[in-house]
């Protein structure tokens with residue numbers, strides 16, 4: 008197979024499908040890309056990430072857009088064919104050759120091909136992109152996205168502007184293919200129950216009957232299996248396969264599969280593969296509930312078991328790292344995934360509102376030892392039982408499954424986000440979810456499937472540091488008892504230096520609704536409190552009104568750091584009933600002024616990232632602290648714990664707990680703990696002491712030191728309400744900053 | 008198509024598959040039937056229903072059984088074929104023609120065919136039935152049934168003896184078929200959202216290409232549609248179809264479909280069809296729960312919506328009406344289904360432990376206006392992800408769906424009974440259930456599918472009148488709040504006259520474990536209390552030790568009647584959150600000495616049947632009574648309600664509540680109630696009065712009279728603990744009768 012040089016593409020915006028482009032309409036197009044990016048570039052629009060510039064993009068998705076190029080000249084040997092091959096496009100297009108219809112295609116995830124062998128070199132190839140699909144009559148928000156499987160996030164979310172990309176967003180290549188070439192290769196295997204062997208099946212689809220040789224090399228590059236055949240499937244047994252593990256439990260062993268056609272000029276396919284078994288299992292003690300009669304069902308399983316070993320899943324919710332799929336490359340993913348690995352995460356939930364990531368994402372997760380929970384493109388909408396919608400989802404979902412099932416990093420499939428809640432409004436009988444279950448069973452039954460998240464026993468939220476009823480995040484999660492927390496958030500402003508880049512200086516202080524702060528999601532993202540993401544209500548409650556941008560962000564970061572630590576560690580303490588903690592969310596698709604994220608767009612870790620990284624260490628000393636803010640003289644108490652999600656036991660040792668305040672450090676207790684088994688926690692004693700009656704600083708720190716094991720040390724920076732602090736604002740009054 | 012006279016079948020019991028039958032082995036066989044029935048008949052065994060006679064049958068299922076007949080002589084016109092056609096068999100068999108293997112078949116529900124056109128008349132046709140499948144290593148109980156889709160109930164249940172039928176249990180016919188004949192006809196339709204039209208599709212599979220004419224006649228016999236075609240599918244639109252309704256909501260309108268091949272000698276297929284739309288929908292208010300964050304999912308929908316109208320499902324759990332499927336005919340079903348209709352039931356749950364019923368069952372339900380919840384043959388077992396098991400279930404389930412989906416009575420599919428509880432041990436990831444979901448979606452997606460029962464929000468049980476913690480059935484259900492009660496039981500002894508027929512006179516009194524009482528399920532059916540089904544603990548607690556069989560059964564019937572009434576009426580009062588009440592169980596497969604059933608084997612209604620019939624009247628006055636037994640002088644109270652599940656409102660009126668005791672009737676209050684909307688309840692005032700301080704009888708009655716509407720009257724016969732009653736037995740001591 009030969010790749011031809013990428014041709015030049017032109018683009019014209021058309022008011023109607025049958026409008027004729029005139030010469031002055033044409034602009035230069037970048038493929039892969041998006042019509043909005045080309046348009047903005049051609050018209051010299053300012054950076055969309057700055058201020059309120061994004062508003063200009065609204066409505067571009069309602070036009071028809073015509074891409075035009077010419078059929079490249081190619082010297083074809085006998086039997087060779089010239090093919091335009093695409094990995095998908097955004098979202099519906101008609102293809103024309105010298106004005107003659109030759110293909111229609113729908114779908115971001117569904118590959119397509121157009122045979123151009125018989126086309127004259129230089130012939131005009133047009134691709135007419137239709138307006139973005141919108142459900143007729145739906146309000147101008149995510150509800151419009153329920154007509155197709157186009158990912159809903161771009162229709163507007165609480166951290167994504169309304170900007171609906173459109174165009175040739177995916178890989179698009181002019182290829183010269185020999186008569187005999189590989190069309191599709193599937194590598195599947197069945198692991199013996201004791202993992203002693205893998206029964207391998209290699210399925211090869213060729214353009215015409217042809218012999219081929221496949222070879223499997225182990226992680227050291229040694230050839231371990233090889234077979235030559237012309238059958239469409241070929242099986243072999245691999246003894247004692249090296250298993251693929253998440254990085255925290257072992258090594259993500261990757262084998263290399265090579266498939267070479269026995270034909271002149273044929274290319275070789277090379278793919279990394281891995282052997283692992285993922286199951287969802289019931290947690291210890293699950294079958295004992297519910298108790299008594301009448302009796303309902305036991306909770307569905309959500310504990311991940313990898314290669315027979317139960318994991319505590321620590322991770323995060325991955326969202327699209329760019330508004331425009333067409334701009335995303337392997338380099339977009341690389342720093343983000345390296346940071347995820349460094350944060351000790353072992354599971355990424357790829358949220359259903361966003362497009363399914365490209366191959367390079369899964370390849371990097373394979374190599375890094377990160378498991379992936381992959382959702383289909385449904386989120387928070389009522390997707391109908393309508394045949395046209397179902398046909399679209401059927402096609403897109405099958406393409407997604409066929410592609411992603413090849414990756415050992417794949418942990419589970421999920422129908423989409425929050426579909427069984429009131430704002431989703433779907434239920435177990437919804438045809439879309441029954442169909443996705445059918446497709447996953449037909450195409451990848453050995454990977455678990457969830458209809459949606461949350462299911463019974465699991466829960467999403469909270470996303471607030473402090474609720475109107477006066478509970479803080481420490482209390483909320485200590486009062487919860489779920490099997491998994493696949494989403495929870497702790498919001499806050501972005502760092503001050505970051506804010507200065509995206510918000511015009513005149514709007515920077517004080518932050519107000521109606522300004523770029525709101526455009527970048529600091530305000531009015533979530534009713535009923537317009538201040539949730541910037542977290543102003545909580546900051547003001549604990550510390551009074553901040554006096555400067557620096558004070559606001561410093562206080563917000565403090566709350567976000569301690570809040571996130573408290574949730575991750577509490578979820579870990581709730582093991583084994585609980586086995587999963589994934590914060591909402593990891594990254595950003597554009598710069599947010601305030602968000603629950605750990606990493607600012609494109610890959611800038613916030614202080615919260617480092618706090619979460621501390622809380623997700625495989626082993627650590629931990630404290631269950633009843634609340635964030637205390638009063639002078641109050642009796643402080645906290646339970647001491649040792650947490651261990653690692654695959655190895657931790658040796659016996661000693662924890663020294665100290666309280667630090669106003670520069671004074673007081674030892675509270677010493678706890679000699681025994682050997683801590685792998686993937687087990689240990690509850691220890693509680694500290695108890697009176698806090699200073701007349702403190703100077705509005706904070707104190709509980710420090711846990713593990714003698715000789717500084718890698719297990721922990722510290723908690725807590726609030727102390729000084730007598731001179733302003734009185735708590737009346738609940739009904741909004742903080743002054745928001746008036 | 009011509010049916011040949013049924014041939015004579017012989018049967019031999021063999022110790023091994025390759026054993027040669029000798030002449031003295033042969034016995035006469037009845038087909039359809041069961042090897043056990045033939046064996047017992049041939050050997051003059053006494054009635055299996057009597058005493059402990061059933062014990063003799065144990066182990067017969069572990070032999071090979073050889074059925075033998077001869078190929079009948081048939082005069083075949085050119086193109087005609089002689090075929091042996093079976094609707095299924097129990098459970099695995101090899102077919103041989105003059106000793107030569109010609110077919111193997113597995114499955115009770117999967118049809119099979121053997122073409123005998125080229126066989127010599129008089130040739131020996133052997134069908135070798137293999138031993139009943141049993142999971143290797145499993146204990147001798149229902150766990151053995153998890154190896155195949157053979158229904159588990161016969162492996163032993165708390166109301167079914169261990170007796171595992173085997174043999175030619177289903178219809179088996181020698182047919183002469185013309186060259187062109189109908190192989191399969193599917194009738195499907197899509198109803199317009201407003202029910203104004205039905206888009207009909209008739210799919211016809213013929214043995215060879217042939218034209219055909221299909222005709223649809225309305226319930227009055229008028230031809231409303233007709234088409235002649237040779238296409239395999241044919242579509243047409245029926246305007247304003249008369250809808251199929253349950254008997255309580257309307258008329259079960261049945262159309263008649265006739266399909267006639269345009270070929271000489273071809274038969275006409277005639278089938279009753281109906282138009283209805285069944286959905287499961289969320290109950291009113293369901294989306295408001297759960298409240299707060301972290302938030303789990305809302306409960307799955309379980310409210311039946313028929314033709315756009317939400318129903319309260321009142322019904323029962325249907326079990327196999329005979330141990331032997333081969334004995335069941337339309338006449339077996341007829342009296343039972345007529346009684347179900349008369350009891351105002353609108354939903355039968357066909358429980359997954361039992362075989363799926365025969366066509367005549369569904370035809371009668373179609374005609375009577377009874378909805379059917381149909382389960383697949385899985386119950387209370389952990390069915391494995393094993394490919395051999397899954398292949399068996401796949402085949403059987405597809406046959407079941409293809410057959411039953413044709414019936415308008417079908418309300419929903421369910422994977423099986425109690426699979427997501429500890430004793431089932433399956434979960435949402437189990438391949439068997441994912442596969443059943445797939446098959447139902449592929450073959451009948453417009454009928455709802457549940458993985459199992461109970462699901463989240465629903466509950467099974469309780470099955471006790473009184474629990475060890477001292478709560479009675481009134482209290483248990485008033486303290487419950489589920490969306491559906493698809494199983495609950497109230498046990499008790501069978502009537503005395505019935506017991507005399509099945510239990511030897513010498514064992515009749517007192518009832519003891521180890522006797523025929525235990526064989527017929529009165530004892531040791533459910534740990535930890537060995538007396539649950541006979542309900543001795545509760546009877547003794549309330550009334551002291553019964554002195555005679557008549558006293559035992561009279562007291563047991565009283566508790567069963569009032570217990571069942573209290574549950575059905577309480578479930579109805581919990582509408583709209585709750586929308587379903589189905590008692591466990593309706594009927595029996597053989598005579599039970601004690602059971603939760605309403606009808607003794609084969610079709611003898613117990614007093615509880617009549618009590619339930621009262622509680623399931625479409626409209627009635629009802630009382631929420633806090634408990635069953637009261638003390639002299641105690642303050643009695645009860646909430647008055649009006650219940651209405653009917654499709655029509657009830658006019659305004661007046662309820663007169665009276666208390667009757669020792670022959671004295673005291674009016675407690677009069678309640679003038681307004682018009683009661685259709686399918687709505689109305690809560691009224693509470694009565695309150697002091698009970699007599701020195702009563703003579705150990706009972707009193709609360710009577711609700713609706714002026715001028717005796718059809719709405721209700722009465723509750725309650726217990727009064729007399730001073731002279733024996734003291735409550737110490738909890739640890741078993742009642743004397745059981746020692």
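Protein chains in written order, with my numbering: chain L, 8 to 746; chain C, 8 to 746. Note that the Cβ used here is the ideal one computed from N, Cα and C, for glycine as well. Just so it is clear, the structure is predicted and the values come from calculations on it, not from any experiment.
Tell me the residue span of the alpha helix (DSSP H) that contains residue i.
{"i": "residue 207 of chain C", "result": "Where residue 207 of chain C is concerned, there is no enclosing alpha helix (DSSP H), although the beta strand (DSSP E) it sits in stretches over 204 to 213."}
{"i": "residue 548 of chain L", "result": "543 to 550"}
For residue i, which three-state DSSP category applies?
{"i": "residue 42 of chain L", "result": "helix"}
{"i": "residue 745 of chain C", "result": "Its pLDDT being 35, under 50, residue 745 of chain C is placed unreliably by the model, and the measurement read from it follows with that caveat. Three-state DSSP puts residue 745 of chain C in a helix."}
{"i": "residue 302 of chain L", "result": "strand"}
{"i": "residue 442 of chain L", "result": "helix"}
{"i": "residue 578 of chain L", "result": "helix"}
{"i": "residue 748 of chain C", "result": "What the structure shows of chain C is the stretch from 8 to 746, and residue 748 of chain C is not part of that stretch, so it cannot be assessed."}
{"i": "residue 509 of chain L", "result": "helix"}
{"i": "residue 314 of chain C", "result": "coil"}
{"i": "residue 339 of chain L", "result": "helix"}
{"i": "residue 714 of chain C", "result": "coil"}
{"i": "residue 309 of chain C", "result": "coil"}
Determine the contact status of residue i and residue j, defining contact as a CB-CB distance below 8 Å.
{"i": "residue 529 of chain C", "j": "residue 500 of chain C", "result": "yes"}
{"i": "residue 397 of chain C", "j": "residue 422 of chain C", "result": "no"}
{"i": "residue 47 of chain L", "j": "residue 114 of chain L", "result": "no"}
{"i": "residue 255 of chain C", "j": "residue 653 of chain C", "result": "yes"}
{"i": "residue 321 of chain C", "j": "residue 351 of chain C", "result": "yes"}
{"i": "residue 52 of chain C", "j": "residue 63 of chain C", "result": "yes"}
In angstroms with no decimal places, state the Cα-to-Cα distance between residue i and residue j.
{"i": "residue 697 of chain L", "j": "residue 640 of chain L", "result": "6 Å"}
{"i": "residue 2 of chain L", "j": "residue 686 of chain L", "result": "Residue 2 of chain L lies beyond the range of chain L shown here (8 to 746); nothing can be said about it."}
{"i": "residue 729 of chain L", "j": "residue 426 of chain C", "result": "57 Å"}
{"i": "residue 366 of chain L", "j": "residue 331 of chain L", "result": "16 Å"}
{"i": "residue 327 of chain L", "j": "residue 303 of chain C", "result": "25 Å"}
{"i": "residue 454 of chain L", "j": "residue 509 of chain C", "result": "53 Å"}
{"i": "residue 463 of chain C", "j": "residue 360 of chain L", "result": "26 Å"}
{"i": "residue 208 of chain C", "j": "residue 411 of chain C", "result": "17 Å"}
{"i": "residue 747 of chain L", "j": "residue 276 of chain L", "result": "Residue 747 of chain L lies beyond the stretch modelled for chain L, which goes from 8 to 746, so this question has no answer here."}
{"i": "residue 579 of chain L", "j": "residue 315 of chain L", "result": "20 Å"}
The beta strand (DSSP E) spanning residue i covers which residue range?
{"i": "residue 218 of chain C", "result": "First-last for residue 218 of chain C: undefined, no H or E at that position."}
{"i": "residue 467 of chain C", "result": "465 to 467"}
{"i": "residue 380 of chain L", "result": "378 to 382"}
{"i": "residue 265 of chain L", "result": "262 to 268"}
{"i": "residue 480 of chain L", "result": "That residue, residue 480 of chain L, is in no beta strand (DSSP E); its alpha helix (DSSP H) goes 480 to 485."}
_Proximal residues, the region 587 to 609 of chain C versus chain L, C-beta separation under 7 Å_ = none
*Which of the residues in the region 296 to 307 of chain L, read from start to end, lie with their CB under 7 Å from any CB of chain C?*
For the region 296 to 307 of chain L, the beta-carbon criterion of a distance under 7 Å to any beta-carbon of chain C is satisfied by 300, 301, 302, 303, 304, 305 and 307.
_chain C contacts made by the region 376 to 407 of chain L, where a contact means CB separation under 8 Å_ = Listed in sequence order: no entries.
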